[in-house]
Amino acid sequence: NLVSYFAGANEANQTIEGTVPFVQAFHLPFHEHGGHHHRKHGRDGDPPHHRRHRQHDYVFALYIPRDLQGKAPKPSNGTNVRLVKTSEYSVAVRSFSGFPKPWKVLRELRSLWRALEDSESDIRFHREVRYGE
Numbered sequence: 006n007l008v009s010y011f012a013g014a015n016e017a018n019q020t021i022e023g024t025v026p027f028v029q030a031f032h033l034p035f036h037e038h039g040g041h042h043h044r045k046h047g048r049d050g051d052p053p054h055h056r057r058h059r060q061h062d063y064v065f066a067l068y069i070p071r072d073l074q075g076k077a078p079k080p081s082n083g084t085n086v087r088l089v090k091t092s093e094y095s096v097a098v099r100s101f102s103g104f105p106k107p108w109k110v111l112r113e114l115r116s117l118w119r120a121l122e123d124s125e126s127d128i129r130f131h132r133e134v135r136y137g138e
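Each residue of the sequence shown is one higher than the one before, counting from 6 in the numbering used here.
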C-alpha cells in the first residue's frame, strides 16, 4: 500500500519520489513514564519490567520529499496508508550488520541503552527501535 501511494494511489494521482532513509519501527512493550524511558532506570541497560503487555507494533514509513511536506496528497480510500506529521527529533543510533532478528535487535538495544545511561547528558528516549537505510 505504501509503495502504491508513492506510485500514484493518492487523491491527486501524483507519483511521489521515494526517499531515504526509510523507517522501520518496532514499538517494544515495556513500562514507561510519560511516553519515555528515562536513563535513570536500570543501570544494567535492560528495560524496566513490563507493567502491561501489548502486542509489538511494526511500522514501515517513508518520508515525504521536502517540496511536498505540508501539502502531500491524501492517500486513496481503502488503503491503510496514513500521513503522520512529526515534530523535529534527534535520534541515538547503533549500527550492526546482518538481518535484524529480534534477539539481535534487543542485544544491540541493550548496548545502546548502556551507552546512553553512561553518558553525562540527561537523555530521554522513546520506546521504539528503528532501522533503515
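Where a beta carbon is used, it is the ideal one built from N, C-alpha and C, also for glycine.
Burial state of L67 (16 or more Cβ within 10 Å): Here the question's residue 67 lines up with position 62 in the sequence shown. Classification for L67: buried.
Same chain, Cβ closer than 7 Å to P70, neighbours up to 5 away in sequence not counted: Taking the first residue of the sequence shown as position 1, residue 70 is located at position 65. Cβ within range, chain order: I21, E22, T24.
Can you give the Cα-Cα distance for R48 and L88, rounded to whole angstroms? Here residue 48 refers to the residue found at position 43 when the sequence shown is read from its first residue. Here residue 88 refers to the residue found at position 83 when the sequence shown is read from its first residue. Residue confidence is low: R48 scores 39 on pLDDT, short of 50, so the model does not pin down where it sits. No coordinate-derived value is stated.
Taking only runs that begin and end inside the region 58–99, name each unbroken alpha helix (DSSP H) of 4 or more residues, in chain order. Within the region 58–99, no complete alpha helix (DSSP H) run reaches 4 residues.
Measuring alpha carbon to alpha carbon, tell me which of K109, V98, F104 ends up nearest A120. Mapped onto the sequence shown, residue 120 falls at position 115. The option with the nearest alpha carbon to A120 is V98.
Leaving out five residues before and five after A12 in sequence, what residues of the same chain have Cβ atoms less than 7 Å from its Cβ? Here residue 12 refers to the residue found at position 7 of the sequence shown. Contacts found: T20.
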